[in-house]
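Shown next, in structure tokens, is the structure this report addresses.
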DNA sequence: GACGATTTGGACAAGCCTGTCTAAAAATAT
DNA sequence: ATATTTTTAGACAGGCTTGTCCAAATCGTC
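Protein chains in written order, with my numbering: chain A, 1 to 219; chain B, 220 to 438.
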């Protein structure tokens with residue numbers, strides 16, 4: 001009754017490839033047009049798939065949105081986790097390494113395609129379907145801030161920083177990193193590698209002027 | 220041929236009251252539902268007006284959106300200008316006065332009903348109708364930043380601040396002021412007066428740690 | 001009270017979109 | 001090669017929305 005293993009995964013692969021393609025196209029269209037304005041024919045066309053196939057895979061327009069949001073938040077969370085692991089815990093040149101870290105953060109999480117999509121979907125559909133994002137809301141930014149705050153606290157303990165409140169400092173770091181990019185992002189402009197580095201450099205310079213110490217006490 | 224003055228302004232008053240009511244309702248609906256999802260019947264109902272009257276006043280759905288955006292950007296610009304005039308040019312207690320200024324900025328411009336609407340409309344329709352916001356884009360944030368930067372530069376000249384680049388400092392000031400409110404705003408939560416003051420206090424403390432001088436040289 | 005303009009409610013056509021159905025086509029595994 | 005499953009293209013009903021038209025009603029002024 002159950003088929004052999006090989007055919008199953010072969011079917012699943014094609015199946016999953018189409019599924020992924022649909023999710024990708026849907027993310028783009030939902031993001032551009034909003035949920036109400038999104039046209040399933042257009043999604044199907046952009047996915048290179050017939051409309052019926054979209055319905056076969058996800059059943060409903062609303063269901064499709066749910067799947068898209070789940071996919072994106074999962075990828076975002078993975079990206080944040082991965083990038084957070086590259087935080088300079090044992091810096092040699094703190095300023096340079098924080099700048100690199102900030103650039104990675106922007107490239108992998110905030111200025112990302114996924115980051116842009118999540119931000120936009122959140123803004124357009126967040127109030128209408130609050131339960132859609134409630135999972136991310138609980139496990140997303142709060143955890144990121146806490147993790148970043150812990151890193152900064154460790155840096156402070158090692159004598160690199162002078163912090164009153166690591167949580168506040170973490171939020172301020174993220175805010176500063178985005179300071180020069182907000183307008184570009186809100187207008188949907190693309191940001192060059194150059195702009196990204198300059199923004200990160202400005203942010204880190206300000207951050208270290210506020211919270212940096214001249215030398216770690218260990219040296 | 221031309222009627223007397225009184226009837227004219229009386230007619231215009233009722234006319235303009237309805238017009239304003241429609242614009243107000245339309246702003247709310249466009250913002251909640253997006254352009255595609257906005258229902259003109261709903262706008263009319265929320266404005267307390269018949270659908271036909273909406274068409275009489277603004278002709279077209281797209282036209283209505285244009286009118287809404289124009290109205291909001293004009294009000295926002297006025298609010299920014301007004302608030303900017305309350306910048307502490309001759310401070311006694313710089314930290315306290317900057318905190319007050321930041322609170323005003325948030326209340327009158329950023330966390331405002333208008334501010335929220337503009338942000339959301341910009342995000343949802345900005346890429347589809349770029350020319351809609353091009354006017355604000357040119358004359359809005361850039362001018363605000365420049366004006367704020369000039370104030371900071373004057374403060375630096377008076378010995379209160381130590382700035383490399385006033386423009387960067389102005390952007391960072393605004394970014395810091397929003398640091399603690401971003402999540403609340405993105406989720407559409409309302410922010411209490413308390414949160415607003417706390418956020419402003421955190422922002423100003425960080426800003427002054429980075430750029431403040433102990434005393435102005437004039438004293 | 002009469003007059004002119006505005007507003008109203010409802011009817012209406014036209015278009016678009018969702019979601020379903022069906023039969024043909026394509027792809028895959030055996 | 002055949003059988004099974006997936007995919008496709010198209011038609012289709014149903015619903016909703018925009019924008020227009022029109023006759024009745026309302027409002028403010030003379």
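The beta carbon of each residue, even a glycine, is placed where N, CA and C say it ideally should be.
Checklist entry - Among all the DSSP beta bridges, which residues are the ones paired with residue 161 of chain A? => result Taking the first residue of the first chain as 1, we reach residue 161 of chain A at position 161. According to DSSP, which records beta bridges pairwise, residue 161 of chain A is partnered with A/212.
Checklist entry - DSSP three-state call for residue 124 of chain A: helix, strand or coil? => result Locating residue 124 of chain A in the first chain gives position 124, where the first residue counts as 1. Reduced to three states, the DSSP call for residue 124 of chain A is helix.
Item to check | For residue 274 of chain B, the first and last residue of its enclosing alpha helix (DSSP H) | outcome: Here residue 274 of chain B is taken as the residue at index 55 of the second chain, counted from 1. Residue 274 of chain B -> alpha helix (DSSP H) spans 270 to 277.
Checklist entry - DSSP on residue 327 of chain B, reduced to helix/strand/coil? => result On the second chain, residue 327 of chain B is found 108 positions in, with the first residue counted as 1. DSSP places residue 327 of chain B in helix when its eight states are reduced to three.
Checklist entry - Which of the residues in the region 115 to 143 of chain A, read from start to end, lie with their CB under 7 Å from any CB of chain B? => result 120, 122, 123, 124, 126, 127, 137 and 141
Next on the checklist: Within a Cβ cutoff of 6 Å, which residues of the same chain sit near residue 108 of chain A, ignoring the five residues on either side of it in sequence?
Outcome noted: The residue labelled residue 108 of chain A in the question sits at position 108 within the first chain. Contacts found: 79 and 83.
Checklist entry - Are any of the Cβ atoms in chain B nearer than 9 Å to that of residue 164 of chain A? => result As a working note, residue 164 of chain A is residue 164 in the first chain. Closer than 9 Å: yes.
Item to check | Distance, residue 113 of chain A Cα to residue 339 of chain B Cα | outcome: By one-based count along the second chain, residue 339 of chain B stands at place 120. By one-based count along the first chain, residue 113 of chain A stands at place 113. About 19 Å.
Item to check | Entirely enclosed alpha helix (DSSP H) segments - the region 23 to 90 of chain A, minimum 4 residues | outcome: 40 to 47, 51 to 58 and 61 to 84
Item to check | Residues within the region 148 to 160 of chain A neighbouring chain B, beta-carbon criterion of under 9 Å | outcome: none
Next on the checklist: Quick check on residue 181 of chain A: does DSSP put it in helix, strand or coil?
Outcome noted: The sequence position of residue 181 of chain A within the first chain is 181, counting from 1. It is coil, neither helix nor strand.
Checklist entry - I think residue 168 of chain A touches residue 102 of chain A, with their Cβ atoms under 8 Å apart; what is that distance to the nearest whole Å? => result The count along the first chain starts at 1 and reaches residue 168 of chain A at position 168. The count along the first chain starts at 1 and reaches residue 102 of chain A at position 102. Their Cβ separation, rounded to whole angstroms, is 18 Å, which puts residue 168 of chain A and residue 102 of chain A out of contact at 8 Å.
Checklist entry - List, in order along the chain, the chain B residues whose C-beta lies closer than 7 Å to that of residue 55 of chain A? => result Working through the first chain from its first residue, we reach residue 55 of chain A at position 55. What residue 55 of chain A touches in chain B: nothing, since even the nearest Cβ is about 21 Å away.
Checklist entry - Within 10 angstroms of its Cβ, does residue 287 of chain B collect 16 or more other Cβ (buried), or is it exposed? => result Numbered from 1 along the second chain, position 68 holds the residue referred to as residue 287 of chain B. The residue in question, residue 287 of chain B, is buried, as its Cβ has 16 or more Cβ neighbours within 10 Å.
Checklist entry - If you pair each beta-carbon of the region 40 to 57 of chain A with each one of the region 19 to 29 of chain A, do three or more pairs fall below 8 Å? => result yes
Checklist entry - Could you check where the alpha helix (DSSP H) with residue 135 of chain A kicks off and where it finishes? => result Taking the first chain and counting its residues from 1, the one referred to as residue 135 of chain A is at position 135. Segment 130 to 139, the alpha helix (DSSP H) holding residue 135 of chain A.
Checklist entry - Going straight from the alpha carbon of residue 316 of chain B to that of residue 182 of chain A, what length do you get? => result Translated into the one-based positions of the second chain, residue 316 of chain B becomes position 97. Translated into the one-based positions of the first chain, residue 182 of chain A becomes position 182. In a straight line, the C-alpha of residue 316 of chain B is about 26 Å away from that of residue 182 of chain A.
Checklist entry - Of all Cβ atoms in chain B, is any one closer than 9 Å to the Cβ of residue 205 of chain A? => result Start at 1 with the first residue of the first chain, and residue 205 of chain A comes out as number 205. Yes, its Cβ sits closer than 9 Å to a Cβ of chain B.
Checklist entry - Skipping 5 residues on each side, what residues in its chain have a beta carbon closer than 6 Å to that of residue 221 of chain B? => result As a working mapping, residue 221 of chain B is identified with position 2 in the second chain. Bear in mind that a pLDDT of 35 at residue 221 of chain B, under 50, signals an unreliable position, so the model cannot answer this.
Checklist entry - Taking three-plus beta-carbon pairs below 8 Å as touching, is the region 142 to 160 of chain A in contact with the region 180 to 198 of chain A? => result no
Next on the checklist: I need the DSSP call for residue 14 of chain A, collapsed to helix, strand or coil.
Outcome noted: Counting from 1 along the first chain, the entry for residue 14 of chain A is found at position 14. If DSSP states are grouped into helix, strand and coil, residue 14 of chain A belongs with the helices.
Next on the checklist: Could you tell me the alpha carbon to alpha carbon distance between residue 205 of chain A and residue 260 of chain B, rounded to whole angstroms?
Outcome noted: Indexing the first chain from 1 puts residue 205 of chain A at position 205. Indexing the second chain from 1 puts residue 260 of chain B at position 41. Roughly 53 Å between the two C-alpha positions.
Checklist entry - Are the C-beta atoms of residue 332 of chain B and some chain A residue less than 9 Å apart? => result Here residue 332 of chain B is taken as the residue at index 113 of the second chain, counted from 1. So, not an interface residue.
Checklist entry - Do residue 252 of chain B and residue 128 of chain A have their C-beta atoms within less than 9 Å of each other? => result In the second chain, the residue the question calls residue 252 of chain B occupies position 33. In the first chain, the residue the question calls residue 128 of chain A occupies position 128. Going by C-beta atoms, residue 252 of chain B is nearer than 9 Å to residue 128 of chain A.
Next on the checklist: Is there a C-beta anywhere in chain A that falls below 9 Å from the one on residue 421 of chain B?
Outcome noted: Residue numbering aside, residue 421 of chain B sits at position 202 when the second chain is read from its first letter. Yes, contact with chain A.
Item to check | Closest Cα partner of residue 296 of chain B within the set B/356, B/285 and B/308 | outcome: Within the second chain, numbered from 1, the residue matching residue 296 of chain B stands at position 77. Nearest C-alpha to residue 296 of chain B: B/356.
Item to check | DSSP three-state assignment for residue 189 of chain A, whether helix, strand or coil | outcome: Here residue 189 of chain A is taken as the residue at index 189 of the first chain, counted from 1. The answer is coil: DSSP assigns residue 189 of chain A none of H, G, I, E or B.
Checklist entry - Assuming residue 398 of chain B contacts residue 422 of chain B under a Cβ cut-off of 8 Å, what Cβ separation, rounded to an integer in Å, is found between them? => result Position 179 of the second chain, counted from the start, is the residue given in the question as residue 398 of chain B. Position 203 of the second chain, counted from the start, is the residue given in the question as residue 422 of chain B. Right, the Cβ-Cβ distance comes to about 6 Å (below 8 Å), so this counts as a contact.
Item to check | Distance cut-off 8 Å: residue 343 of chain B Cβ against heavy atoms of the ligand FMN | outcome: With respect to small molecules bound, the structure shown includes none, and the ligand FMN cannot be examined in it.
Item to check | Cα-Cα separation between residue 344 of chain B and residue 246 of chain B, rounded to whole angstroms | outcome: Translated into positions along the second chain, residue 344 of chain B becomes position 125. Translated into positions along the second chain, residue 246 of chain B becomes position 27. Their Cα atoms are separated by approximately 13 Å.
Checklist entry - Is the shortest distance between the beta-carbon of residue 180 of chain A and the beta-carbons of chain B less than 9 Å? => result As a working mapping, residue 180 of chain A is identified with position 180 in the first chain. Closer than 9 Å to some Cβ of chain B, the Cβ of residue 180 of chain A qualifies, so yes.
Checklist entry - How long is the line joining the alpha carbons of residue 88 of chain A and residue 350 of chain B, rounded to whole angstroms? => result Here residue 88 of chain A is taken as the residue at index 88 of the first chain, counted from 1. Here residue 350 of chain B is taken as the residue at index 131 of the second chain, counted from 1. In a straight line, the C-alpha of residue 88 of chain A is about 43 Å away from that of residue 350 of chain B.
Item to check | Proximal chain B residues relative to residue 168 of chain A, where beta-carbon distance stays under 7 Å | outcome: Reading the first chain from its first residue, position 168 is the one you call residue 168 of chain A. Going along chain B in sequence order, the residues near residue 168 of chain A (Cβ under 7 Å) are 421.
Checklist entry - Exposed or buried, which one is residue 8 of chain A when buried takes at least 16 other CB atoms within 10 Å? => result Translated into the one-based positions of the first chain, residue 8 of chain A becomes position 8. Reliability fails at residue 8 of chain A, whose pLDDT of 45 lies under 50, so the model's placement of it is uncertain and no value is given.
Item to check | Three-way DSSP call (helix, strand, coil) for residue 312 of chain B in this model | outcome: Start at 1 with the first residue of the second chain, and residue 312 of chain B comes out as number 93. Coil.
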